[in-house]
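Undergrad: If you read the sequence shown in the working numbering, its first letter stands for residue -11, the second for the next number, and so on.
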Amino acid sequence: MEQWEKNTGDLNLDDILKEFGSSQENSDAPEALPLQEDEDVLVWDGKPVQREHVPPAMPQDTVRLNEITREVKKQTQVTDQTIAFTPVQQETSREPAPVPQEASKTEPYSENWEPEYEDPMGEYIPPEPIVFRPKSRLRELKKKLIAGPEKRYYQLTERGFGKLQAAILGCGAVSLLSVITAVMHAMGVVPEERMRLLVFSQLLGLMISALLGSYQLMEGFGDLIKRRFSLNTLLMFSLVACAADGILCLYQVRVPCCAPFSLNMTMSLWCAYHNRTTELKQMDTMRKAIRLDSVALEEDLYDGLPGILRGEGQVEDFMDHYRVQAGPERTLNTYALVALFLSLGIAITAGVLGGIMTGVRLFSASLLVAVPATAHIAVSRPTATLERKLHKLGAVLCGWHGVSALNTKAVFPLHSEDLFPAGSVKMNGLKFYGSRNPDQVVAYTTAVMAADGGGLAPLFNQLLESRNGYHFEVETLRRYPNGGVGGIVNGEAVLVGTRSFIKEMGVEIPEGAKISQAVYAAIDGVLNGVFAITYNKTKSAALGLTTLCAYRGLTPVLTSGDFMLTEEFIAGKFGVNTRRMAFPERKVRDAIASCQANEEAEVAALTTQEGLAGAAYAVTGARALHNTCVTGVAVQMVGGILGLLIMLALSVVHAEYLVTPENLLLYELVWMIPGLLITEWTRFV
């Protein structure tokens, strides 16, 4: 025992306790009880023992060390390479909670994944993941274009124009021969023995014209079956009346009125050619589209007038309306039905007064003069002429309802991108004045321009980035109506604007700084920088602004916040009459620029190309087309009504001998002159 005490005497008990835990942490360990000694018996751990069996007494520290050593051995795990030591923890009455095993992780929305809910629910259907497809809009657009316009385009291409063009040329040649023979008869060149041959040739020409225009006649008959009436239906009745009159002319040896019928048939075929080419160009414009923008009318946009807004268009906006019959065409068809009954009334009057042959003669003549030849192309020709121009600009009109919607007093908002698209505005140079750091001048100027948000802000931001400048915040930004803007940047007053604005604000301008197209920057009342700006005029912007300013009742409204785009600058740059433009205040401009087309608004036109020209020509072209068609139909109806009155007067006064092919041809040619001139109006849009 003495030897063991010597071996352990070098150990420090305090150090051991600090290493393995304090006495409180090991309070549950058994403590050595003191020995109780009386005369004969020793008491060891509460039990009496004989003196000779009592172990030798050990110091108190030694007993405590033995207990700690036993606990350490229990908590120590020995491995081959390392020794892991686990300190003694205080025992508690509770059993340690079992460590839950970590469940295997399942990827959300996979096949084996099942969501957990606190409350029972029905069968859960995981939502489909959102796939980012930057070209999804283009794919959807192309699908609709292939199913609609492109399919129709190839159908029209397969039909071709060769047969129709040949029919037009053939019918025109027959009309010319009929006119020549009629003129020869009027001049007395044809001998009497050749009169029957002349009558037969006229009747043969009538049959050839009917054969060449058989498609038009069948279309007129189909309209009659569908309880509709059109000019082709009236032409079918004219053929029957002229054929009956030609047969009677063989007996009377009289020249029939076949030349005017051939002329009317030629115009009807020309109308069909116009309709087919118009539809083909419209489908070609739509099928080549890589974007589709709508042109719609929004009520009460500015100064109580509706506005023409542009937004996102749909293929259905065009396909559902382009075949709708035009208003003037419906009016002309209704007039044709009335003209049929009026001609029948004139024929009955002439038959009662002059006999059946006279009645048949005047009936055929009345049908021919009731609708002049150019009435067939009063709507189709100006539409085809306008479509040729719109096809080059990538624009289409959504039927006659779009034409009618755009034919009203309205305003046309103009953005800075419309006048000067991206890339057309460049910085041509810069010059600094004063003692300030040029980078500081650029940073202050860019801060004000960016806070203003005008069209030049991206240009100055690019300049600042190229100089690796610092972006400042602007306080108390103020916009001035005379071409400038100001603000507090880093505690200093900064004015940015045109040369006239800086001069009006009392800033002295050196003589060398006299650049008209430049942005002037003044800091604390001193001119510090001049930034020369170059505005390149594009063809699309020039054409669009010119056509918008040329029409009365159409007011272009500038919504751009660029203070450089003043009235004087636009007039000098584009050469337009800016008195027809509106330059409202900045708040009004921002309000108009933020307006979006209503989803329920009917789309009047669609554009497939960027730029102002497409939308502008769609608007002005629709107005010109509406005026042309209405005026042309009105003139042709006046000519027809006047012709019916003449036929009625001749039947009453028994002057049917004046109803000759030469006179009818002369009457047709007279009314063709205003008809052809009016249909040319859309060429000058």
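We put the CB at the ideal spot given by N, CA and C, even for glycine.
#1: Just to confirm before moving on: does the CB-CB distance between isoleucine 187 and cysteine 259 stay below 8 angstroms?
#2: Any heavy atom of the ligand PLP within a distance shorter than 7 angstroms of the CB on serine 282?
#3: Does the Cβ of glutamate 267 have 16 or more other Cβ atoms within 10 Å, making it buried, or fewer, making it exposed?
#4: Work out the CA separation of glycine 442 and arginine 567 for me, nearest whole Å.
#5: Note down, in chain order, each residue of its chain lying with its Cβ closer than 7 angstroms to the Cβ of methionine 255, except the 5 sequence neighbours on either side.
#6: What runs of the alpha helix (DSSP H), each 4 residues or longer, lie entirely inside the region 478 to 502?
#7: Which word fits lysine 582, buried or exposed, when buried means at least 16 other C-beta atoms lie within 10 angstroms of its C-beta?
#8: Can you look up glycine 422 in the DSSP assignment and give me helix, strand or coil?
#9: Quick check on the burial criterion: 16 or more other C-beta atoms within 10 angstroms. Buried or exposed for proline 679?
#10: The alpha helix (DSSP H) with valine 545 in it runs from where to where?
#11: Report yes if the CB atom of valine 243 is closer than 8 angstroms to the CB atom of alanine 170, and no otherwise.
#12: So what does arginine 467 bridge to, in DSSP terms?
#13: Which residues in the same chain have their Cβ closer than 8 angstroms to the Cβ of serine 488, if we skip the five residues on either side of it in sequence?
#14: Cβ atoms of serine 528 and alanine 592: under 8 angstroms apart, would you say?
#15: How many angstroms separate the CA atom of lysine 525 from the CA atom of glycine 609?
#16: Out of curiosity, what's the CA-to-CA distance linking glycine 485 and leucine 594?
#17: How would you label valine 119, buried or exposed, when you count the other beta carbons within 10 angstroms and need 16 or more for buried?
#18: Please classify leucine 185 as buried or exposed, where buried requires at least 16 neighbouring CB atoms within 10 angstroms.
#19: Have a look at histidine 173 and glutamate 668 and give me their C-alpha separation to the nearest angstrom.
#20: For arginine 311, count neighbouring C-beta atoms within 10 Å of its own C-beta (all shown protein chains included) and say buried if the count is 16 or more, exposed if not.
#21: Going by alpha carbons, who is nearest to aspartate 305 out of Thr265, Ile235, Arg376, His389?
#22: By alpha-carbon positions, which one of His642, Glu286, Met493 ends up nearest to alanine 335?
#23: Spell out the partners DSSP gives valine 177 in its beta bridges.
#24: Is leucine 191 closer than 8 angstroms to leucine 205 when the C-beta atoms are compared?
#25: Does the region 499 to 515 come into contact with the region 476 to 485, if we say contact requires no fewer than three beta-carbon pairs (one atom in each stretch) closer than 8 angstroms?
#26: Alpha carbon to alpha carbon, how far is valine 384 from threonine 596?
#27: Taking the beta carbon of tyrosine 142 as the centre, do at least 16 other beta carbons fall within 10 Å, making it buried, or is it exposed?
#28: Skipping 5 residues on each side, what residues in its chain have a beta carbon closer than 7 angstroms to that of glycine 301?
#29: Is it buried or exposed, arginine 182, if we count other Cβ atoms within 10 angstroms and call 16 or more buried?
#30: Provide the residue(s) that pair with arginine 298 in DSSP beta bridges, ordered along the chain.
#31: Please list the terminal residues of the continuous beta strand (DSSP E) segment that includes valine 303.
#32: Measure the C-alpha to C-alpha separation of alanine 445 and alanine 438 and round it to an integer number of angstroms.
#33: Are at least three pairs of beta-carbons, each pair with one atom in the region 647 to 666 and one in the region 609 to 622, less than 8 angstroms apart?
#34: Helix, strand or coil: how does DSSP classify asparagine 565 here?
#35: Starting from valine 640, trace the alpha helix (DSSP H) both ways and give me its first and last residue.
#36: State buried or exposed for glutamine 270, treating a residue as buried only when at least 16 other CB atoms are found within 10 Å of its CB.
TA: Concretely, from the data shown:
#1: Residue identity check: residue 187 is valine in the sequence provided, not isoleucine. Contact: no.
#2: No copy of the ligand PLP appears in this structure; indeed no ligand is present at all.
#3: Buried, since its Cβ has 16 or more Cβ neighbours within 10 Å.
#4: Approximately 23 angstroms, taken between the alpha carbons.
#5: Hits under 7 angstroms: Ala361, Thr362, His364, Ile365.
#6: Entirely contained in the region 478 to 502, the alpha helix (DSSP H) runs reaching 4 residues are, in chain order, 487 to 492.
#7: In the sequence as displayed, the identity of residue 582 is serine instead of lysine. The residue in question, serine 582, is exposed, as its Cβ has fewer than 16 Cβ neighbours within 10 Å.
#8: Reduced to three states, the DSSP call for glycine 422 is coil.
#9: Because the chain in this structure spans residues -11 to 673, residue 679 falls outside the shown range and cannot be described.
#10: Following the DSSP letters along the chain, one finds valine 545 in no alpha helix (DSSP H) but inside the beta strand (DSSP E) bounded by residues 542 to 546.
#11: In contact: valine 243 and alanine 170 (Cβ atoms closer than 8 angstroms).
#12: Answer is Val473.
#13: Listed in chain order, the non-local C-beta contacts of serine 488 below 8 angstroms within the same chain comprise Asn470, Gly471, local neighbours out to five positions each way being set aside.
#14: Taking 8 angstroms as the cut-off, the Cβ atoms of alanine 592 and serine 528 do not count as close.
#15: Rounded to the nearest angstrom, the two C-alpha atoms are 23 angstroms apart.
#16: Rounded to the nearest angstrom, the gap between the Cα atoms of glycine 485 and leucine 594 is 37 angstroms.
#17: Interpretation of valine 119 is limited by its pLDDT of 49, a score under 50 that renders its predicted location unreliable; the figure taken from the coordinates is listed afterwards. Result: exposed.
#18: Exposed is the call here.
#19: Cα-Cα distance, rounded: 34 angstroms.
#20: A residue is called buried once 16 or more other Cβ atoms fall within 10 Å of its Cβ, and arginine 311, having fewer, is exposed.
#21: For aspartate 305, the nearest C-alpha among the options comes from His389.
#22: That would be His642, whose Cα lies nearest to the Cα of alanine 335.
#23: DSSP, once it has assigned bridges, lists no residue as partnering valine 177.
#24: The Cβ atoms of leucine 205 and leucine 191 do not sit closer than 8 angstroms to each other.
#25: Result yes; three or more Cβ-Cβ pairs closer than 8 angstroms.
#26: Taking the straight line from one Cα to the other gives about 9 angstroms.
#27: Answer is exposed; the Cβ neighbour count stays below 16.
#28: Closer than 7 angstroms at Cβ, skipping near neighbours: Leu280, Asp281, Ser282, Val591, Leu594.
#29: Per the 10 Å Cβ criterion, exposed.
#30: Answer by DSSP bridge pairing, in chain order: Val283.
#31: Element bounds for valine 303: n/a, residue is neither H nor E.
#32: Cα to Cα, the separation comes out at about 5 angstroms.
#33: Yes, the region 647 to 666 is in contact with the region 609 to 622.
#34: In the structure shown, asparagine 565 sits in coil (DSSP, three-state: anything other than H, G, I, E or B).
#35: Run containing valine 640: 600 to 640, per the alpha helix (DSSP H) assignment.
#36: Classification of glutamine 270: buried, given that the 10 Å Cβ count is 16 or more.
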